[in-house]
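Visitor: Sharing a structure with you now.
Residue numbers (the numbering used here): 1085 to 1909.
Set out below in structure tokens:
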């Protein structure tokens, strides 16, 4: 048996074409692994888009070239037409209703062969579209005609996870005229995924055979990446919906799990170690993936062990030959619908308040108006167009111009989000110096404001007066620090009672008298408080949740400190604070930072501080450990005894290159921030490791009365150990209808279930006997079943809760959907 670690732990397990799809909140990425090839092929998801609109608004990379990614920004087709009248259908197993035509998710939107031919000879591509009116979605905007605001579709991934439907009726045309339909979240996400796979992935030239033929779906395996907030039931429903529709094998992997397998394959941290060393070592991986829409964490252990004969047989290996394979144990997961979008929303509210403040100030000093007119103008407290929600007091028509302004505003907020920072003295935010000044947005807002003044107060503003308002709006958008410096805000921030750590920490308390002295001061103070709360939620809170989920059921430790929680998860004795180097040598730890965490300075600083205080060293950039600079070649056995001793007591070997024995904290960089999940999903599926607890339910199940109340928290350790859990009449006490909720971590602690933002999975009607089962190896599904009446033998699976439109904490999701806002306060 070779003493070197193979690049893959098992040979190619299948002759299937393997397709991974990462349906991100911001962009969608696809990779393909073809039989017999070791390199993955990246799919250009924008390849066919020029067939769908005349001037496609293509996503571009930092160099200005068209990206291989697809914008996760879709609209409803306002010309949607069906040949026959739509009829509602109930899914026979999960109970949700579908209304779109059955063939809708497999529509062929483009004449692929003709498109490729025309593209090669430079011909027209628009004519290669096939009946685009038959598709409910629009996947690409036209530069000349952007999506109208009222046609935008919210993020299907978050809608599906959260159990909130589309609180709207959509128009559909048929031979009898125009009708209205409502689309269930499962139908939305299933159709989006299937249409992307059908039209942008499978027909792509790079995965066709030598004769130009596309692979048949029966010869494909699709791996979908999902957030940790999806329950096992959500994952089952999604994979079954897509698999049944396309006729292919579909499986799912959580995004933070996929990052581990990408890291192992790309960074190769084990290179340079003998197999005997690996077999004697436990590797712990903790991923922190802050995406645009979700924050996901996974704690995973990887070991090399001798495989059983059955495990080798399942992988097409010689069962008689000794062989060590990679064994994977997922210890804990947690996640939440937060991510970078929440911070963009915080910045949006901040800028909106500054704009409103400057508008009030400009109106109070507006030249050329009478005293009576000025008194009337002082009743205007804000811009007529709300940038963070729909206008309620002032009606503004929803049109494509509004959509363009929202996109422009989102870019502005994202720029400020990247430049914002926290220091020991408080929050810093530079004035805007981006490439695209918000001039169009300013003109749009000032025009709406002047028209509102004319309609409501009968005052027609002159050019100079409109310019006065435009200047005030532009100043708020481009020079927020100027407003701060003109006020008492600087003094207020410098008179905080409690200094705090730069990356996060407890909110500071200013003197209330100082806050009252200037109207701008509370706006800045609130921003700082929200930034600190965001950092605490996405670093401290999630690390503590993960540690509590990991420890519960073992020694019952409840952590309250992020540093202590991190050290505990990575192998230190219970209650041990810091000193990662003093952990047993056989445990090696890897912390992987992915997603937008590297783009938001306060978040990264706080995370770096926690990692450093846990004695795990500095966060290293990925490119420092790849290729010729891999962890293997950085091993330096020629160090003197003094250097080794110094490295032992230093933070993670700080000042020296990493060796294969070092604990590592690594930041994924470049395109890997987006592509790591999709590539990692293929690494996991293709390497076919032995998953030691694949059916373990990571999270918390809660059963409540349908109308609320009588919460029953499932003992998750008992459920996972026994694979079966019963709620008897003595426990439920009420013969009634029940809702089943899922929390992404059993380590979350809150007094109120609704404060936890759990995803509702479904309902059980008229029962007081409930049985929950975890998927067994010989079963094809993980289902929750119910005895509808006591003593009745027939079991019915849990039904997805339908018709949740506008219910179940809709306001909590509003910020997650911005700027495609469908839900108001």
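All C-beta atoms, glycine included, are put in the ideal place defined by N, C-alpha and C.
1. Return the Cβ separation of residue 1752 and residue 1698 in integer angstroms, given the expectation that the two are a contact with Cβ distance under 8 Å.
2. Taking the alpha carbon of residue 1351 as the reference point, which residue from 1674, 1629, 1537 has its own alpha carbon closest?
3. Answer yes if the region 1174-1193 comes into contact with the region 1097-1107, meaning at least three C-beta pairs across the two stretches below 8 Å, and no otherwise.
4. Go ahead and pull the three-state DSSP assignment for residue 1664.
5. Assuming residue 1033 contacts residue 1533 under a Cβ cut-off of 8 Å, what Cβ separation, rounded to an integer in Å, is found between them?
6. Say whether the region 1765-1776 touches the region 1338-1347, bearing in mind that this needs 3 or more beta-carbon pairs closer than 8 Å, one atom from each stretch.
7. Can you give the beta carbon distance from residue 1883 to residue 1179, rounded, assuming they're within the 8 Å contact cut?
8. Just to confirm the assignment, what range does the beta strand (DSSP E) spanning residue 1124 have?
9. DSSP three-state call for residue 1265: helix, strand or coil?
10. Please classify residue 1201 as buried or exposed, where buried requires at least 16 neighbouring CB atoms within 10 angstroms.
11. Under the rule that 16 or more other beta-carbon atoms within 10 Å means buried, what is residue 1469, buried or exposed?
12. Could you compute how far the alpha carbon of residue 1181 sits from the alpha carbon of residue 1174?
13. For the region 1192-1245, list the beta strand (DSSP E) runs that are entirely contained and at least 3 residues long, ordered along the chain.
14. By DSSP, does residue 1364 sit in helix, in strand, or in coil?
15. With a threshold of 16 other CB atoms inside 10 Å of the CB of residue 1112, please say whether the residue is buried or exposed.
16. Taking the CB atoms as reference points, tell me whether residue 1525 and residue 1566 lie closer together than 8 Å.
17. Report the rounded CA-to-CA distance for residue 1332 versus residue 1343, giving the unit in angstroms.
18. What is the C-beta distance between residue 1027 and residue 1359, in whole angstroms, given that I count them as a contact (C-beta under 8 Å)?
19. Out of 1195, 1686, 1625, 1700, point me to the one whose CA is closest to residue 1654's CA.
20. Residue 1845 and residue 1318: beta carbons closer than 8 Å?
21. Do residue 1415 and residue 1383 count as a contact pair if the criterion is CB distance below 8 Å?
22. Beta carbon of residue 1652, beta carbon of residue 1635: below 8 Å?
23. Does the distance between the C-beta of residue 1459 and the nearest non-hydrogen atom of the ligand SAH fall short of 7 Å?
24. Measuring only the C-alpha atoms, how far is residue 1730 from residue 1386?
25. Using three-state DSSP, classify residue 1819 as helix, strand or coil.
26. Whose CA, out of 1537, 1528, 1399, lies closest to the CA of residue 1465?
27. Measuring straight from C-alpha to C-alpha, what distance separates residue 1322 and residue 1380?
28. Check whether the region 1811-1829 and the region 1851-1858 are in contact - that is, three or more C-beta pairs closer than 8 Å.
29. Pull up the distance between the alpha-carbon of residue 1214 and that of residue 1193, whole angstroms please.
30. Given residue 1115, which residues of its chain have a CB within under 6 Å of its CB, disregarding the five upstream and five downstream residues?
31. Below 8 Å between beta carbons: does that hold for residue 1177 and residue 1778?
32. State whether the region 1444-1463 contacts the region 1498-1513, with contact taken as three or more CB pairs (one from each stretch) at a distance under 8 Å.
33. Run through the DSSP bridge pairs and tell me what residue 1409 is partnered with.
34. Could you tell me if residue 1288 is buried or exposed, where buried requires 16 or more neighbouring beta carbons within 10 angstroms of its beta carbon?
35. Measuring straight from C-alpha to C-alpha, what distance separates residue 1519 and residue 1376?
36. Just to confirm before moving on: does the CB-CB distance between residue 1783 and residue 1829 stay below 8 Å?
Guide: Inspection of the coordinates gives the following:
1. Counting from one through the chain shown, the residue named residue 1752 turns up at place 668. Counting from one through the chain shown, the residue named residue 1698 turns up at place 614. Not really, about 20 Å apart at Cβ, beyond 8 Å.
2. As a working note, residue 1351 is residue 267 in the chain shown. Here the closest residue by C-alpha is 1674.
3. No, the region 1097-1107 does not touch the region 1174-1193.
4. Translated into positions along the chain shown, residue 1664 becomes position 580. In this prediction, residue 1664 scores a pLDDT of 46, lower than 50, which makes its location untrustworthy; the coordinate-derived value is nonetheless stated afterwards. Helix.
5. The chain is shown only over 1085 to 1909; residue 1033 falls outside these bounds and no answer can be derived.
6. yes
7. Here residue 1883 is taken as the residue at index 799 of the chain shown, counted from 1. Here residue 1179 is taken as the residue at index 95 of the chain shown, counted from 1. About 3 Å; that satisfies the 8 Å criterion.
8. Counting from 1 along the chain shown, the entry for residue 1124 is found at position 40. Careful: residue 1124 lies outside any beta strand (DSSP E) and carries neither H nor E.
9. Mapped onto the chain shown, residue 1265 falls at position 181. Strand, per DSSP.
10. The residue given as residue 1201 occupies position 117 in the chain shown. Residue 1201 comes out exposed.
11. As a position in the chain shown, residue 1469 is number 385, starting the count at 1. Answer is buried; the Cβ neighbour count reaches 16.
12. Locating residue 1181 in the chain shown gives position 97, where the first residue counts as 1. Locating residue 1174 in the chain shown gives position 90, where the first residue counts as 1. Rounded to whole angstroms, residue 1181 to residue 1174 spans 4 Å at the Cα level.
13. none
14. For this step, residue 1364 is matched to residue 280 along the chain shown. Note: residue 1364 maps to coil in three-state DSSP.
15. For the purposes of this step, residue 1112 is taken as the residue at position 28 of the chain shown. So residue 1112 ends up on the buried side.
16. The count along the chain shown starts at 1 and reaches residue 1525 at position 441. The count along the chain shown starts at 1 and reaches residue 1566 at position 482. Not closer than 8 Å, so no.
17. Locating residue 1332 in the chain shown gives position 248, counting from the first residue. Locating residue 1343 in the chain shown gives position 259, counting from the first residue. Each residue's alpha carbon lies about 24 Å from the other.
18. Here the chain has residues from 1085 to 1909 only, and residue 1027 is not among them.
19. If you number the chain shown from 1, residue 1654 lands on position 570. Measuring from the Cα of residue 1654, the nearest candidate turns out to be 1700.
20. Within the chain shown, the letter at position 761 stands for residue 1845. Within the chain shown, the letter at position 234 stands for residue 1318. Yes. Within cutoff.
21. As a first step, residue 1383 must be located in the chain shown, where it is residue number 299. As a first step, residue 1415 must be located in the chain shown, where it is residue number 331. In this structure, residue 1415 lies closer than 8 Å to residue 1383 by Cβ.
22. Here residue 1652 refers to the residue found at position 568 of the chain shown. Here residue 1635 refers to the residue found at position 551 of the chain shown. Contact flag set, yes.
23. In terms of ligand content, the structure shown is empty, and the ligand SAH therefore cannot be addressed.
24. In the chain shown, residue 1730 corresponds to position 646, counting from 1. In the chain shown, residue 1386 corresponds to position 302, counting from 1. Its pLDDT being 35, under 50, residue 1730 is placed unreliably by the model, and the measurement read from it follows with that caveat. Roughly 29 Å between the two C-alpha positions.
25. The sequence position of residue 1819 within the chain shown is 735, counting from 1. Residue 1819 falls in the coil class under three-state DSSP.
26. Mapped onto the chain shown, residue 1465 falls at position 381. For the residues 1537, 1528, 1399, the minimum Cα distance to residue 1465 belongs to 1537.
27. Reading the chain shown from its first residue, position 238 is the one you call residue 1322. Reading the chain shown from its first residue, position 296 is the one you call residue 1380. Rounded to whole angstroms, residue 1322 to residue 1380 spans 19 Å at the Cα level.
28. yes
29. The count along the chain shown starts at 1 and reaches residue 1214 at position 130. The count along the chain shown starts at 1 and reaches residue 1193 at position 109. Those two C-alpha atoms are separated by around 5 Å.
30. Position 31 of the chain shown holds residue 1115. 1104, 1124, 1126, 1762, 1763, 1766, listed in sequence order.
31. Here residue 1177 refers to the residue found at position 93 when the chain shown is read from its first residue. Here residue 1778 refers to the residue found at position 694 when the chain shown is read from its first residue. No.
32. no
33. Counting from one through the chain shown, the residue named residue 1409 turns up at place 325. For residue 1409, which the question treats as bridged, DSSP gives the partners 1389.
34. One-based indexing of the chain shown puts residue 1288 at position 204. It counts as buried.
35. The residue you call residue 1519 lines up with position 435 of the chain shown. The residue you call residue 1376 lines up with position 292 of the chain shown. So the two alpha carbons sit approximately 22 Å from each other.
36. Counting from one through the chain shown, the residue named residue 1783 turns up at place 699. Counting from one through the chain shown, the residue named residue 1829 turns up at place 745. Residue 1783 places its beta carbon less than 8 Å from that of residue 1829.
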